[in-house]
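Asks:
Residue numbers (the UniProt record's numbering): 1 to 221.
#1: Measure the alpha-carbon distance for residue 87 versus residue 94 and round it to whole angstroms.
#2: Please confirm if the stretch 64 to 76 is in contact with the stretch 35 to 42, defined as three or more CB-CB distances below 8 Å between the two stretches.
#3: Near residue 11, what residues of its chain come up, given a Cβ to Cβ distance below 7 Å and the 5 sequence neighbours on each side ignored?
#4: So what's residue 121 in DSSP terms, helix, strand or just coil?
#5: When the Cα atoms are used, what is the spatial distance from residue 119 to residue 18?
#6: So, at 8 Å on beta carbons, what are the nonlocal neighbours of residue 106 in its own chain, with the 5 sequence-adjacent residues on each side left out?
#7: Kindly indicate which three-state DSSP category residue 38 falls into: helix, strand or coil?
#8: Would you check if the stretch 159 to 171 and the stretch 127 to 136 touch, i.e. whether three or more CB-CB distances between them fall below 8 Å?
#9: Would you please state the rounded distance, in angstroms, between the beta carbons of residue 177 and residue 207? I believe it to be under 8 Å.
#10: Where DSSP assigns a beta bridge to residue 11, which residues make up the other side?
#11: In its own chain, which residues sit with a C-beta less than 7 Å from the C-beta of residue 91, not counting the 5 before and 5 after it?
#12: Whose C-alpha, out of 77, 24, 140, is nearest the C-alpha of residue 97?
#13: By the 10 Å Cβ neighbour count, where 16 or more other Cβ atoms means buried, how is residue 57 classified, buried or exposed?
#14: Could you give the residue range of the beta strand (DSSP E) that holds residue 163?
#15: How many whole angstroms separate the CB atoms of residue 223 and residue 45, which I take to be in contact at a CB cut-off of 8 Å?
#16: Taking DSSP's pairing of strands, which residues face residue 17 in a bridge?
#17: Buried or exposed for residue 80, going by 16 or more other Cβ atoms inside 10 Å?
#18: Is it the case that the Cβ atoms of residue 152 and residue 210 are separated by a distance below 7 Å?
#19: Per DSSP, what kind of secondary structure is residue 195 in: helix, strand or coil?
#20: For residue 16 versus residue 121, is the C-beta distance shorter than 7 Å?
#21: From this set, 134, 108, 198, which residue's C-alpha is nearest residue 13's C-alpha?
#22: Taking the alpha-carbon positions, what's the residue 140 to residue 30 distance?
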């Protein structure tokens, strides 16, 4: 995760945290697997930003006035974005000025805080990253921690247990997934593209949903 290593210092200073190497590696791995509707590195950056914010806010040593200013900043940014969307540029300009003022207050307060609490930075761990991705996707964090090898090993059995009378389709689908997961695919391509044909009621949609649940923890993945 070279990109994340290169930019992590910015977010560490902003949130007053430290990202472990394992946290960054986990971020790349889990966003690639579970956040499929967005592109890297944006999705990974959003995750480390959110994880840093959550760890920072949950840190009991963070001054309450600092937290209050950060909440005000989020509100004013949201208000500015809404004003721009409504083409209310006068309001947007006013919000921009307020945003600049609050950001200056935050930086001043952060400098004072850091001077008095050197070494009090809190670590952002792989578990923190998994919890944020779980919040974003609805996939349980425990599911993410489960080893992929075990998930793939049990895939055929679990699908056949849940989807009746589709053994042939399941066999071909699992074979393709296993082949792709051992590296015999372009990393920029999906793990498989499947077209299910058949009359209504034979389980085409159900099979696709169960595959998504087994692989990614949610039928909507």
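Backbone N, C-alpha and C fix where the C-beta goes; we use that ideal spot for every residue, glycine too.
Replies: Considering the structure as presented:
#1: If I take the Cα positions, the gap works out to 13 Å.
#2: No, they do not touch.
#3: Residues of the same chain with a CB within less than 7 Å of the CB of residue 11, apart from the 5 flanking positions on each side, are 48, 49, 52 in chain order.
#4: In this structure, residue 121 counts as coil in the three-state DSSP scheme.
#5: For residue 119, the pLDDT reaches just 46, beneath the cut-off of 50, and the residue's location in the model is therefore unreliable, leaving the point undetermined.
#6: These residues qualify, in order along the chain: 66, 69, 70, 73.
#7: Coil at residue 38, not helix or strand.
#8: In short, these stretches do not touch, since the Cβ pair count stays below three.
#9: By a beta-carbon distance limit of 8 Å, residue 177 does not contact residue 207. Their separation comes to about 13 Å.
#10: BP columns for residue 11 are empty, so no partner.
#11: Setting aside the 5 residues that flank it on each side, residue 91 is surrounded in the same chain by 83, each with a C-beta closer than 7 Å to its C-beta; the list follows chain order.
#12: If we check each option's Cα against that of residue 97, 77 comes out closest.
#13: Exposed, because fewer than 16 other Cβ atoms sit within 10 Å of the Cβ of residue 57.
#14: Segment: none, residue 163 is in no beta strand (DSSP E) and carries neither H nor E.
#15: In the structure as shown, the chain begins at 1 and stops at 221. Residue 223 is therefore absent and cannot be evaluated.
#16: For residue 17, the beta-bridge partners assigned by DSSP are 122.
#17: By the 10 Å Cβ count, residue 80 comes out buried.
#18: Contact: no.
#19: Correct three-state label for residue 195: coil.
#20: With respect to the 7 Å criterion, residue 16 and residue 121 are classified as neighbours on the basis of their beta carbons.
#21: Out of 134, 108, 198, 108 has the C-alpha closest to the C-alpha of residue 13.
#22: Going from the Cα of residue 140 to the Cα of residue 30 covers about 12 Å.
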